[in-house]
Amino acid sequence: MNTCFTNNLFSTRLLLFATFVSLAFSSCRTAELAVNGELRNGSEMYDVKGKQGFQIGQTLSFGAYKTGKVKRGWTFNYAVPFIMKFNGAKQKLSFQQFGANNKTADIALVSRFKETEFEPIKDYFSIALQYKNYFAGTIKLNSEEDSWDFIVHNVDGTSRSIRNNQTIGFARNRQTRIDIIGIRELEGSSALITQGDVYGYEFQMQGKVIGAVSTINNGKVWIRKELDDDLKLVLASISSGLMLRNSLEDDALSMN
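This is the structure in structure tokens:
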């Protein structure tokens, strides 16, 4: 009887020790975004440089894509309806995005809107928003006619309720719409544990995943190989904006 009890006690301790070692090992690993499997197999994955850099003169780069120096505020010398309409936002970013084959885009981003701008935002994007926490921007490509607007609402996703915790948005130009969906899962972690935060974003077009961005740690970007250069540049621009916005929010929190 004592022998059985001793063996059971030893087995229990061994199991607890193994569990502790496993948890300790998991906690030491760098958290990785849970990305769609098909996207992993059919895309280029880029590590990001510069996300943790100083705000003054900050640039981001990944693969063939690089931003110019990020400006806190808008300095473009041309009138864009989006910029003119939401000039009162508390947080503003602007930068140039450079891509393959000498492609460039001008980016303007806004968050922390004034109360008086909530209704104009809904009207501009022709949608009914349930949250006041959203992030929006405009992307102006080489062509004067080809510009994109995008918006993401509930961008921080702090609610613990699965039902009321969606982080969604879209980017659009005159012909095309790209859906933006918040990713709340990390590799090897239970969704019940990670659901309260957004760790990155997935980009879908006509129901197919075409890209993703991880906003945690140093950042990562995935872009499908078969997309044309302009669409790749749009995804790179949105990805840069979301990563820069993430680092800006971190800086703001550290100052409070």
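Positions -24 to -1, 1 to 232 (mature numbering (1 follows the signal peptide of the UniProt record, and there is no 0)) are the ones given, in order, by the sequence shown.
From the three backbone atoms N, C-alpha and C, an ideal C-beta is built for every residue, glycine too.
It should be emphasised that the depicted structure is a prediction, and the values quoted were computed from it without experimental measurement.
For residue i, the nearest candidate out of the options (CA to CA)
| i | options | result |
| --- | --- | --- |
| I156 | G176, K68, A81, S123 | G176 |
| W124 | K208, R200, Y41, K45 | K208 |
| E20 | D206, E202, A7, G158 | E202 |
| Y110 | Q67, W198, T43 | Q67 |
| G195 | G217, G183, D206 | G217 |
| Y22 | I83, L85, V189 | V189 |
| E8 | V174, I186, N77 | V174 |
| A212 | A40, Q34, G26 | A40 |
| R153 | V86, V210, D99, T143 | V210 |
| G183 | I115, F126, E14 | E14 |
| Q72 | V86, Q31, I115 | I115 |
| T6 | Q34, E163, L220 | E163 |
| R200 | L220, F179, T191, M219 | F179 |
Limits of the unbroken beta strand (DSSP E) element including residue i
| i | result |
| --- | --- |
| R153 | 153 to 159 |
| D82 | 80 to 87 |
| V174 | Careful: V174 lies outside any beta strand (DSSP E) and carries neither H nor E. |
| L69 | 67 to 74 |
| I144 | 144 to 148 |
| A188 | 184 to 190 |
Residue interval of the alpha helix (DSSP H) (run including residue i)
| i | result |
| --- | --- |
| L15 | 13 to 17 |
Inter-residue CB distance, residue i and residue j (contact presumed, cutoff 8 Å)
| i | j | result |
| --- | --- | --- |
| I47 | S70 | This sequence places Lys at residue 47; Ile is not what is there. About 5 Å separates the two Cβ atoms, so the contact holds. |
| G113 | H129 | That pair is no contact at about 13 Å. |
| V197 | N12 | At roughly 14 Å, the Cβ-Cβ gap does not stay under 8 Å, so V197 and N12 are not in contact. |
According to DSSP, residues forming a beta bridge with residue i
| i | result |
| --- | --- |
| G113 | L85, F126 |
| M21 | W198 |
| V46 | BP columns for V46 are empty, so no partner. |
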